[in-house]
Amino acid sequence: MGRRSRTLKDIAWKYCSKIDDNNSSHILCNFCGHTMWGITRFKEHLAQKKGDVIACDKCPSNVRSDIQHHLIDKTRVREMNQRLKRQKLEDLKKTTSEEVPQLTSQINEENEEAIDEEEERVLLEKAMKASLSSHEEEKIKMKKLEDEFKAACQESACYYREMEMWKSGEGCSNIEAGDVIDLCYDSDGFSI
């Protein structure tokens, strides 16, 4: 079974939408509308994992719990597989040269695993690049939001100061109007 068909069966796909049909790793969260690259990053987003992802505040608690359990189970399976691979390598080292036919079949299996590992490594590198790109996009968005918030705060503070000055009479004419003078003009336009 190829890696692509495995990822499309991932439980997280029912909580997101593909943004680009040609690239299944660019996705949109169905709960909050946040976009990102990579289904693993998306699961961390839903699980509110601390680190380089923005947590989904609108994710229901039952979904968050399911995704957290899924991530924990996946980590346990990965650790178990690594332990088994290490054990296989240790067993291979212990075998004697008399067991060459058995070793040959084991080496062939290891070569197939190495090819799968190479394919997985390439896909992992692509996912890491996409994840870093998504992280940079998130940082840019956060910087823009911070700048907009700062500008809004400055504008509010300026408005508040102007209102306070207006209330206290500062910044505007505080000279009171005097008596009204009635001017009379002659035929040439001069006052008399």
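Going by the numbering used here, the first residue of the sequence shown is number 317, and it counts up by one from there. All C-beta atoms in this analysis are idealised placements derived from N, C-alpha and C, irrespective of residue type, glycine included.
| query | Rounded to a whole number of angstroms, what is the C-alpha to C-alpha distance between Gln-364 and Ala-371? | reply | The residue you call residue 364 lines up with position 48 of the sequence shown. The residue you call residue 371 lines up with position 55 of the sequence shown. Inter-residue distance for Gln-364 and Ala-371 is about 4 Å (C-alpha atoms, whole angstroms).
| request: Could you please give the first and the last residue of the uninterrupted alpha helix (DSSP H) stretch that includes His-385? | output: As a position in the sequence shown, residue 385 is number 69, starting the count at 1. Per DSSP, the continuous alpha helix (DSSP H) segment holding His-385 begins and ends at 377 to 410.
| task | With a 10 Å radius around its C-beta and 16 neighbouring C-beta atoms as the bar for buried, classify Met-352 as buried or exposed. | result | Sequence index remark: in the sequence shown, residue 352 carries index 36 (1-based). Within 10 angstroms of the beta-carbon of Met-352 lie 16 or more other beta-carbons, which makes it buried.
| said: So if DSSP puts Asn-339 in a beta bridge, which residue, or which two residues, is it bridged to? | reply: Position 23 of the sequence shown, counted from the first residue, corresponds to residue 339. In DSSP, Asn-339 forms a bridge with Asp-336.
| message | What does DSSP give as the partner residue(s) for Thr-351 in the beta ladder? | response | Position 35 of the sequence shown, counted from the start, is the residue given in the question as residue 351. Leu-344.
| Does DSSP put Ile-327 in a helix, in a strand, or in coil? | Numbered from 1 along the sequence shown, position 11 holds the residue referred to as residue 327. Here Ile-327 sits in helix by DSSP.
| message | I'd like the list of long-range same chain contacts for Gly-349, defined as Cβ closer than 8 Å, with 5 residues on each side in sequence excluded. | response | Residue numbering aside, residue 349 sits at position 33 when the sequence shown is read from its first letter. Nothing meets the Cβ criterion.
| Coarse secondary structure for Ala-371, derived from DSSP in three states | Counted from its first residue, the sequence shown places residue 371 at position 55. When secondary structure is reduced to three states using DSSP, Ala-371 falls in the coil class, being assigned neither helix nor strand.
| said: Pop quiz: Lys-359 and Leu-387 are said to be a contact at Cβ under 8 Å. What is the actual Cβ separation, rounded to whole angstroms? | reply: To locate residue 359, count along the sequence shown from 1; it is residue 43. To locate residue 387, count along the sequence shown from 1; it is residue 71. In this structure, Lys-359 and Leu-387 form a Cβ contact; the two beta carbons are roughly 6 Å apart against a cut-off of 8 Å.
| said: If the criterion is Cβ atoms closer than 8 Å, does the pair Leu-355 and Ser-377 meet it? | reply: Along the sequence shown, read from residue 1 onward, the residue named residue 355 stands at position 39. Along the sequence shown, read from residue 1 onward, the residue named residue 377 stands at position 61. One detail in the question is off: residue 355 reads as Ile in this sequence, not Leu. With respect to the 8 Å criterion, Ile-355 and Ser-377 are not classified as neighbours on the basis of their beta carbons.
| field | Per-residue burial, Arg-357 [other beta carbons within 10 Å of its own, 16 or more giving buried] | value | Against the sequence shown, residue 357 aligns to sequence position 41. Its Cβ being crowded by 16 or more others within 10 Å, Arg-357 is buried.
| request: Determine the burial state of Tyr-540: buried for a count of at least 16 other Cβ atoms within 10 Å of its Cβ, exposed for fewer. | output: No statement about residue 540 is possible, as the shown extent of the chain runs from 317 to 508 and does not include it.
| said: Quick check on the burial criterion: 16 or more other C-beta atoms within 10 angstroms. Buried or exposed for His-361? | reply: For the purposes of this step, residue 361 is taken as the residue at position 45 of the sequence shown. His-361 is classed as buried because its beta carbon has at least 16 other beta carbons within 10 Å across all chains shown.
| message | My output table needs one value for Lys-359: the three-state DSSP class, helix, strand or coil. | response | Within the sequence shown, the letter at position 43 stands for residue 359. DSSP, reduced to helix, strand and coil, places Lys-359 within a helical segment of the structure shown.
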